[in-house]
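Okay, structure first, notes after.
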Amino acid sequence: MRSKVGVFLMTLGILLIAGAAGLLGYNRWDNWRAGQSVTDIQDALEAAEEESSGYDVPEDGVMRTVEIDGYKYIGTLSIPSYGLELPVMSEWSYPGLKIAPGRYSGSVWTDDLIICGHNYERHFGNLKYLEAGDEIAFTDVDGNVFTYQVEEVLILQPTDVEEMADQTSSEWDLTLFTCTIGGQTRVTVRCSRTE
């Protein structure tokens, strides 16, 4: 009887280790795939920016979009301290976050843009390491560049939806956020425009 229990536990242990290795492999592949998607989209966005002749400030704050592979994009987010250049979709969605960060709400023209992204290492996984004073830039699809400075990095609960939107619309020109690993909380970066 003891022998059968031992064999069962050993088999179970091997299966659990194999499952964990498979999950780790999938997560690494998914992170790599997300990085490749970003590179391809960035090339298309840069071409669109070069073709544009600029854009007048819209009265309604609506940001112009460019469609690439069936998704609409509003521009590129640059975080120089981490060497990140990320396309930003015009609207966020769970499937879209596997490709690129997306606009949660707001606009660069009304100084209340909120961008959410997946915590992939090649997306928003390093937001928690940003510090006050770090620079961030957003370039819209017409080549207009908006520069920001990080003011604070904080952790919010996933249920603090009102706090995310209300504080941003009154105080912050740009907010970036992502889930922590496991999704228990949100890393939130508040920025002020510097130009």
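Going by this note's numbering, the sequence shown runs without a break in its numbering and finishes at 431.
Positions of the beta carbon are idealized from the N, C-alpha and C atoms, including for glycine.
Checklist entry - Helix, strand or coil for F244 per DSSP? => result helix
Checklist entry - Just reading off the beta strand (DSSP E) that P337 is part of, what are its end residues? => result Counting along the chain, P337 falls outside any beta strand (DSSP E), and DSSP gives it neither H nor E.
Next on the checklist: With three or more beta-carbon pairs closer than 8 Å as the criterion, would you say the segment 380–388 touches the segment 328–337?
Outcome noted: no
Next on the checklist: Short of 7 Å in beta carbon distance, which residues of its chain neighbour K364, apart from the five on each side in sequence? Order them along the chain.
Outcome noted: V389 and V423
Checklist entry - Across which residues does DSSP place Q385 in a beta bridge pair? => result E371 and S428
Next on the checklist: Just to confirm my understanding: we take I310, look at its own chain, exclude 5 residues before and 5 after, and list those with CB closer than 7 Å. What are they?
Outcome noted: M299, T301, V324, S326, R339, D376 and V377
Next on the checklist: Just to confirm my understanding: we take Y307, look at its own chain, exclude 5 residues before and 5 after, and list those with CB closer than 6 Å. What are they?
Outcome noted: M325
Checklist entry - When the distance is taken between beta carbons, is T414 closer than 8 Å to G353? => result yes
Item to check | For R426 and T411, believed in contact at Cβ under 8 Å, the rounded distance | outcome: 6 Å
Checklist entry - Does the separation of the CB atoms of P394 and G361 fall below 8 Å? => result no
Item to check | Residue environment, P294, which counts as buried when at least 16 other CB atoms sit within 10 Å | outcome: exposed
Item to check | Cutoff 7 Å; reference A254; Cβ partners in own chain excluding five residues on either side | outcome: none
Checklist entry - DSSP on G311, reduced to helix/strand/coil? => result strand
Next on the checklist: Taking its Cβ as the centre, do 16 or more other Cβ atoms sit within 10 Å of V241, making it buried, or is it exposed?
Outcome noted: exposed
Checklist entry - For I315, which residues from the same chain have a beta carbon less than 7 Å from its beta carbon, with the 5 sequence-adjacent residues on both sides left out? => result I372
Next on the checklist: Taking the alpha-carbon of G478 as reference, which of G249, K334, S343 and I391 has the nearest alpha-carbon?
Outcome noted: Here the chain has residues from 237 to 431 only, and residue 478 is not among them.
Next on the checklist: Taking only three categories from DSSP, how would you classify P323?
Outcome noted: strand
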